[in-house]
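Below you'll find the structure, written out as structure tokens, and then a few comments.
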Amino acid sequence: MPATPLETVLRGTGSEVVIGHDRRFCLIGERINPTGRRIFQEQLRAGDLSAIERDVKAQVEGGADVLDVNMGVPLTDEAELLAKAITLVQSLTDKPICIDSSVVEALEAGLSAYQGRALVNSITAEDERMELILPLVKKYDAAVIALPNDSDEIPMEAEKRMVLTRKIFEVATKEYGIAACDIVIDPLAMPIGADQQVANTFFEVVSAIRDEFGANMTCGASNTSFGMPGRHQLGAAFLPMAMTAGLTSAIMDTRTPYIVEAVKAADLLLGHDEWGGAWIAAHRARQAAEAPTT
């Protein structure tokens, strides 16, 4: 008997996003992140946050429902920088935020500055990470992304990922009082160029988590295509397939219409876009934007 589908509620300053199996796919815009962006890192070190404003605008216009905010810049006070960035982002959009850091002090600074109900990115099945982060998730009434890997490895076998997923649910719900609906599992999307079976394993894990826990799930959408040509085409195929298996959100760059439109089409075909309202509205908006001005 499949588990009852769970719903994860996130709130920004004026909007609410509900991630769920019977709802439209949740797009988490990943762009507000300095990783691999040398100029952005230099600007942030100098106290210049203006690029964040451009990133917020681009991700929201591209269709992001939630914005991932990461301020992991070497040689900065990440806690202070993350709190400032979150305050800035919340002055620009009412959408919920996914607070993204591996530094516990930065997560707490971000959560304390945040207005609403955040998503924390992330924990693993390692006892130490859960001990450090889950009390913050509980204290600030947030939801959390959890990855089924531990200090030993990123498991390649579906069953090992399920064992670690069960551990996460057991510990988070029973030891820390986190509601099951507030645990969003990342089933670990891996590069297809390194191992041709990784996508099939991913889909297997997604289906198993949906059936056993009814839990919501996310992933780094671009991980699968890493190192391959035609990454947009791969992403546009991968996400609808993952949605069919039970994936309910993804962390992605929403400036890529090719992939965003594939997700929206899958929403319609899976019955998650009532009467095609969102699909038709997006189509009309594109027509209006492309219409010649007189």
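Start counting at 1 in the sequence shown, then tack on 12, and there's your number in my numbering. We put the beta carbon where it would ideally sit given N, CA and C, even for glycine. No experiment lies behind these values; they were computed from the predicted model shown.
With a CB to CB cut of under 7 Å and the five nearest residues on each side skipped, what residues in its chain are close to D67?
-> R43 and I44.
Roughly how many angstroms lie between the CA atoms of N133 and A297, to the nearest whole one?
-> Cα-Cα distance, rounded: 33 Å.
Determine the extent of the beta strand (DSSP E) in which N212 is found, giving its start and end residues.
-> Counting along the chain, no beta strand (DSSP E) covers N212; the unbroken alpha helix (DSSP H) around it starts and ends at V210 to F225.
Who are the Cβ neighbours of L6 in its own chain at under 8 Å, not counting the five residues just before and after it?
-> Here the chain covers residues 13 to 306 and nothing more, so residue 6 does not appear.
Just confirm the distance between the C-beta atoms of A220 and L22, as a whole number of angstroms; I'd bet it's less than 8 Å.
-> In fact, because the Cβ distance is near 25 Å, the residues do not count as touching under 8 Å.
Output yes or no for whether 8 Å exceeds the beta carbon distance between P241 and A278.
-> No. Outside cutoff.
Residue range of the unbroken beta strand (DSSP E) whose run includes T136 = Where T136 is concerned, the enclosing beta strand (DSSP E) stretches over L131 to T136.
Excluding sequence positions up to five away, which residues of its chain have a Cβ less than 8 Å from the Cβ of L148?
-> Closer than 8 Å at Cβ, skipping near neighbours: V116, L119, E120, L123, V132 and A154.
Is it true that the CB of P108 sits closer than 8 Å to the CB of R128?
-> For clarity, residue 128 is Gly in the given sequence; the question names Arg instead. With a cutoff of 8 Å on beta-carbon distance, G128 and P108 are scored as near each other.
Which stretch, first to last residue, makes up the alpha helix (DSSP H) that contains D67?
-> Taken as a continuous stretch (DSSP letters only), the alpha helix (DSSP H) holding D67 covers S62 to G74.
Taking the alpha-carbon positions, what's the P199 to W287 distance?
-> In this structure, the CA atom of P199 is about 31 Å from the CA atom of W287.
What separation, rounded to the nearest whole angstrom, lies between the Cα atoms of I135 and A248?
-> When rounded, the distance between both Cα atoms is 28 Å.
Since I believe T236 is in contact with F250 (beta carbons under 8 Å), could you give me their beta-carbon distance rounded to a whole number of angstroms?
-> The beta-carbon distance between F250 and T236, rounded to whole angstroms, is 5 Å. This is short enough to meet the 8 Å contact definition.
From what residue to what residue does the beta strand (DSSP E) around E19 run?
-> Unbroken beta strand (DSSP E) run through E19: E19 to R23.
Rounded to a whole number of angstroms, what is the C-alpha to C-alpha distance between V101 and D164?
-> Looking at the two C-alpha atoms, the distance is approximately 36 Å.
May I ask you to list the residues that DSSP assigns as paired with S261?
-> C38, per the DSSP bridge assignment.
Name the DSSP bridge partner or partners of I109?
-> Per DSSP, L79.
Do the CB positions of I180 and A158 come within less than 8 Å of each other?
-> Going by C-beta atoms, I180 is nearer than 8 Å to A158.
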